[in-house]
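Trainee: Just so we're aligned: 249 in numbering that gives the first Met the number 0 is position 250 of the sequence shown, and the numbers increase by one with no gaps anywhere.
A virtual CB, placed ideally from N, CA and C, is assigned to each residue, including glycine.
Please find one structure pasted underneath; my questions will follow.
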Amino acid sequence: MQKKDSVILMDENGKRRDGRAPGDLRPIHIEANVLSNASGSCYLEWGGNKLLVAVHGPREAQPRHLQDQTKAIIQCRYNMAAFSVGERKRPGPDRRSTEISKVLSEALDAAVFTQRFPRATIDVYIEVLEASAGTRCAGLTAASVALADAGIPMRDMVAAVAAGKVGDTVVLDLDKEEDNHGTADLPMAILPRTGEIVLLQMDGHLTADELDRAQTMAIEGCLEINRQQVEALKKCYQSDDNGADNAGYADSDGGDADTAGYDDSDDGATDNAGSDDSDGGDADNAGSADVDADNAGSDDSDDDDADNNEHEADEKIDDDPQVTETFGSGGLDPNVSLFDEKEGDE
Ligand code: CDP
């Protein structure tokens, strides 16, 4: 029996307040493609958390000083609704949401093939509707599904979960009470294909051995979460006219067949975004309308340097057998410049 601040977090049988064993996740429900006006979206329930994530773009980054000539920037905005917690949260950004937005942007940046979209921004809006601990991990998990739904090419979907310590026990996926009264919280996110860690934070104290065990537990949790992400995408696109049409895109998108954001094959290498020249619909599929319009007037000559860098980077990635590109098969054609220089001029 373990107590802290008079709250019983674990019973004498090693079960947690909600009956979970130390290595168990809270129940998760993921739904992709829930918003018709976003390029991609995801609704996620995880324990007592409810989140909605929408992706917009790629689109030209404005103001222009934000632009990176070699790659897209990921602008993630994590926001907790005023009604998402017991005590009304003051609306608007605060230090916590600014920090979470930053670390989530960086984690997603590691997953997305940003070199494909020089000077663009990919906006990721994470709206926390109900919060019950683990919202940054839930947001990251849902954001990856929304990016895949948007047809954004990625190395892999980021999967995230926190491990931590309750009394003397290392546990997975802390709930609100455990987060408040436990002794450590370790949010972690990985790219499941490679095991690369893209987010690791720690609040509290763990010994080196406990840190090891917490990381191992979190990795196992991430792999299970990744299976559920994949299932959610499969469910969404398989039920939709055999996956031939992407519900999130206008029917006029001729190339929709490839926008399903997820490659059913296990090798994950079949649908190489942008490398499938036969996919004449690439430009049209580009996660939506903004880019389509700009492609029409693009001036490739201006972008030679950026494009070359981008191709070098992509070739390196394509050469790496460990890193196969799975998602966003109908994404943008990397040979097509996103923006007309003249349009961007101010
Ligand atoms: O949500 P996450 O665990 O990623 O971040 P946290 O900063 O460790 O917050 C833990 C939990 O505290 C949140 O999930 C909310 O349930 C709660 N919280 C709150 O009640 N009011 C806030 N202003 C911020 C967080």
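Would you say I224 and I27 are within 8 Å of each other, going by their C-beta atoms?
Mentor: As a working note, residue 224 is residue 225 in the sequence shown. As a working note, residue 27 is residue 28 in the sequence shown. Yes, the pair counts as a contact, with Cβ atoms nearer than the cut-off.
Trainee: Taking buried to mean at least 16 other C-beta atoms within 10 Å of its own C-beta, is A71 buried or exposed?
Mentor: Here residue 71 refers to the residue found at position 72 when the sequence shown is read from its first residue. Per the 10 Å Cβ criterion, buried.
Trainee: Going by the C-beta, is C136 closer than 7 Å to any heavy atom of the ligand CDP?
Mentor: One-based indexing of the sequence shown puts residue 136 at position 137. Yes - the ligand CDP has a heavy atom lying nearer than 7 Å to the Cβ of C136.
Trainee: Cβ of C75 within 8 Å of Cβ of V160?
Mentor: Walking along the sequence shown from the start, residue 75 turns up at place 76. Walking along the sequence shown from the start, residue 160 turns up at place 161. No; because the gap between Cβ atoms is not below 8 Å, this pair is not in contact.
Trainee: Restricting to Cα atoms, I'd like to know which of V54, R154 and S40 is closest to C235.
Mentor: Counted from its first residue, the sequence shown places residue 235 at position 236. The option with the nearest alpha carbon to C235 is S40.
Trainee: Examine the ligand CDP and report whether any of its heavy atoms sits within less than 7 Å of the Cβ of R95.
Mentor: As a working note, residue 95 is residue 96 in the sequence shown. Within the cutoff, so yes.
Trainee: Specify, as a first and last residue, the run of the beta strand (DSSP E) that M9 falls within.
Mentor: Position 10 of the sequence shown, counted from the first residue, corresponds to residue 9. Residues V6 to M9.
Trainee: Which same chain residues, not among the five before or five after V84, have their C-beta less than 7 Å away from its C-beta?
Mentor: To locate residue 84, count along the sequence shown from 1; it is residue 85. Hits under 7 Å: A130.
Trainee: Run through the region 83 to 152 for me and flag every whole alpha helix (DSSP H) of 4 or more residues, listed as ranges in chain order.
Mentor: Runs found: 94 to 108 and 134 to 148.
Trainee: With DSSP as the reference, please indicate the residues paired to V169 in a beta bridge.
Mentor: By one-based count along the sequence shown, residue 169 stands at place 170. Per DSSP, K164.
Trainee: Grouping DSSP H, G and I as helix and E and B as strand, with all else coil, what is D202?
Mentor: Along the sequence shown, one-based indexing puts residue 202 at 203. Residue state, collapsed to three classes: strand.
Trainee: At the level of alpha carbons, what is the spacing between A73 and A31?
Mentor: Numbered from 1 along the sequence shown, position 74 holds the residue referred to as residue 73. Numbered from 1 along the sequence shown, position 32 holds the residue referred to as residue 31. For the record, residue 73 in the displayed sequence is Ile; it is not Ala. One C-alpha to the other measures close to 20 Å.
Trainee: Identify whether G279 lies in helix, strand or coil by the three-state DSSP scheme.
Mentor: Here residue 279 corresponds to residue number 280 of the sequence shown, with the count starting at 1. Because the pLDDT of G279 is 34, which lies under 50, any placement of that residue in the model is unreliable, and the number read from its coordinates should be weighed accordingly. It is coil, neither helix nor strand.
Trainee: Looking only at C-alpha atoms, which of D202, G181, P117 and K164 sits nearest to D208?
Mentor: In the sequence shown, residue 208 corresponds to position 209, counting from 1. With distances taken between Cα atoms, D208 lies closest to K164.
Trainee: Rounding to the nearest angstrom, what Cα-Cα distance links A183 and C136 in this structure?
Mentor: Start at 1 with the first residue of the sequence shown, and residue 183 comes out as number 184. Start at 1 with the first residue of the sequence shown, and residue 136 comes out as number 137. Taking the straight line joining both Cα atoms gives about 16 Å.
Trainee: Please classify E11 as buried or exposed, where buried requires at least 16 other C-beta atoms within 10 Å of its C-beta.
Mentor: One-based indexing of the sequence shown puts residue 11 at position 12. By the neighbour-count rule (16 or more Cβ atoms within 10 Å), E11 is not buried but exposed.
Trainee: From the DSSP output, in three-state form, read off Q74 for me.
Mentor: What you label residue 74 is simply residue 75 of the sequence shown in a count that begins at 1. Correct three-state label for Q74: strand.
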